[in-house]
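Take a look at the structure set out below.
There are 2 protein chains.
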Amino acid sequence: MKNDSTYHHGNLKDSLIETALIMVKKNGIKSLTLRDLTKEVGASRSAIYRHFESKDTLIKAVIKAAFEKLDNSISVDIAESDDEINSFRKIGINYIKFAIDNPNIYRMMFGHEVGIQREESCDIENEEEAIGFHKLIALVQKAQDNGLFKEDNAILQATIIWSMMHGLSNLLIDGHVIIKDNLDDLFDLSLSTIINGMKKTN
Amino acid sequence: MKNDSTYHHGNLKDSLIETALIMVKKNGIKSLTLRDLTKEVGASRSAIYRHFESKDTLIKAVIKAAFEKLDNSISVDIAESDDEINSFRKIGINYIKFAIDNPNIYRMMFGHEVGIQREESCDIENEEEAIGFHKLIALVQKAQDNGLFKEDNAILQATIIWSMMHGLSNLLIDGHVIIKDNLDDLFDLSLSTIINGMKKTN
DNA sequence: ACCTGAACACCGTTCAAGT
DNA sequence: ACCTGAACACCGTTCAAGT
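Protein sequences appear in the order of chains A and B.
Just so we're aligned, residue 72 is where the first sequence starts under our numbering, counting upward by one.
Just so we're aligned, residue 72 is where the second sequence starts under our numbering, counting upward by one.
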């Protein structure tokens with residue numbers, strides 16, 4: 072499978088990230104050790120420090136890769152459609168579906184596994200995360216322009232939508248809420264609550 | 072300070088839980104080691120296993136204690152009042168305030184630090200957590216009875232309210248949402264969105 | 001119902017020496 | 001740009017022996 076010698080295989084950095092993603096998905100980040108990771112990837116234990124300063128740095132890269140996967144999962148062609156409600160529905164369903172299908176990954180992304188210093192930057196650190204959020208803000212703005220939502224701070228409205236999806240995802244994957252049969256009902260109600268709650272009142 | 076001999080001090084089990092709570096609050100659960108904990112409490116390293124099967128068992132007890140603290144924080148005398156909106160507001164504010172004031176504790180409570188098996192029990196494991204949730208369900212039911220909320224599955228409605236508060240808390244304490252000046256606006260909008268979204272339509 | 005002290009397997013990380 | 005192999009400090013956990 073390897074392209075060249077036993078020593079130097081093509082792209083160790085990407086292999087580490089990709090394999091770590093698989094291992095976290097399977098068993099959670101708590102069981103991810105550098106020893107297992109390097110063994111799985113076929114590298115030596117110290118090779119990892121050629122590409123990453125520490126385990127935390129590696130995890131940050133894995134988180135970044137995970138946000139790219141999430142972005143791909145929820146990216147539906149919302150640009151063409153004029154039906155914002157349907158766009159919100161699709162995005163929300165894909166978002167929660169991603170969390171349910173990848174609970175360990177989702178926990179790693181938001182679970183504060185790495186002590187990230189956000190005090191200084193004063194902005195969302197992860198670029199992929201920021202991009203996804205700004206897409207949501209744009210959609211909210213469009214909903215305002217079309218008269219679906221009342222005119223208000225679009226960032227706050229987007230934050231609230233995100234909070235609902237994030238909260239639902241977390242409660243579901245962590246087993247705080249036991250919903251098996253009527254997951255669709257729960258999601259529908261959450262969506263309609265938000266849509267109705269933000270509707271233009273006249 | 073100690074009541075009797077240097078060896079046997081009154082209640083080691085409670086001391087461990089209480090001290091662990093303080094240590095987690097200060098530096099997060101990742102930095103909580105049994106060695107530090109027993110040293111802080113003045114016990115030997117192996118003494119911990121007289122009261123807890125493992126570190127995970129200890130953490131579960133600490134989480135339980137944390138839920139009791141949360142329950143005390145959000146418990147407002149909602150029984151007397153007939154103003155459900157005000158009750159929701161008080162509960163929500165206290166809930167988020169607890170999370171913001173105790174981010175490390177809150178993360179421990181919901182952060183899946185201990186791999187809890189919920190598949191078998193099929194119900195919320197933590198008793199304190201269940202109690203708080205059922206209080207919320209009762210309040211939602213009351214709001215339905217009084218005609219504030221539309222008639223629907225009260226459990227789902229309560230879940231959605233909890234999701235919003237939980238999502239907001241997580242995004243805030245983990246720095247995904249940088250809100251400093253207009254935190255009140257964010258909370259007000261989240262509350263009004265839910266109240267309006269669940270209102271009886273007629 | 002604790003204590004001391006030693007031991008174990010397992011971590012992340014570093015380093016000297018090779019290719 | 002990797003490798004091997006050894007080492008370090010730090011974990012959770014166990015155990016034999018005391019009081």
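Every residue gets a Cβ at the ideal spot worked out from N, C-alpha and C, and that includes glycine.
On a predicted model such as this, the values are computed, not experimentally measured, just so you know.
By the 16-neighbour rule on beta-carbons within 10 angstroms, residue 234(B) is buried. At least one C-beta of chain B is nearer than 9 Å to the C-beta of residue 231(A). According to DSSP, residue 270(A) shares a beta bridge with 220(A). Between residue 170(B) and residue 244(B), the C-beta gap is smaller than 9 Å, which places the two residues in contact. With 16 or more other Cβ atoms from the protein chains shown falling within 10 Å of its own Cβ, residue 264(B) counts as buried. One finds nothing in chain A with a Cβ atom closer than 7 Å to the Cβ of residue 133(B); even the nearest lies about 17 Å away. The beta carbon of residue 215(A) sits no closer than 9 Å to any beta carbon of chain B.
Uninterrupted alpha helix (DSSP H) stretches at least 4 residues long and entirely within the stretch 103-147 of chain B occur at 105-112, 126-145, given in chain order.
255(B) is the residue among 135(B), 255(B), 232(B) whose C-alpha sits nearest the C-alpha of residue 168(B). Just so you know, the alpha carbons of residue 220(A) and residue 93(B) end up roughly 44 Å apart. Taking a contact to require three or more Cβ pairs closer than 8 Å, the stretch 93-112 of chain B and the stretch 171-183 of chain B qualify as touching.
Taking 9 Å as the cut-off, the Cβ atoms of residue 82(B) and residue 135(B) do not count as close. Here the C-alpha atom of residue 142(B) lies approximately 14 Å from the C-alpha atom of residue 236(B). Annotation for residue 98(A): the continuous alpha helix (DSSP H) segment containing it runs 83-98.
Proximity of chain B to residue 256(A) at the Cβ level (cut-off 8 Å) is accounted for by 224, 227, in chain order. The beta-carbon of residue 200(A) is placed less than 9 Å from the nearest beta-carbon of chain B. Residue 241(B) sits in a helix when the DSSP states are folded into three classes. Shown here, residue 199(A) sits in a helix according to DSSP, grouped into three states.
Setting aside the 5 residues that flank it on each side, residue 262(A) is surrounded in the same chain by 159, 160, 163, each with a C-beta closer than 7 Å to its C-beta; the list follows chain order.
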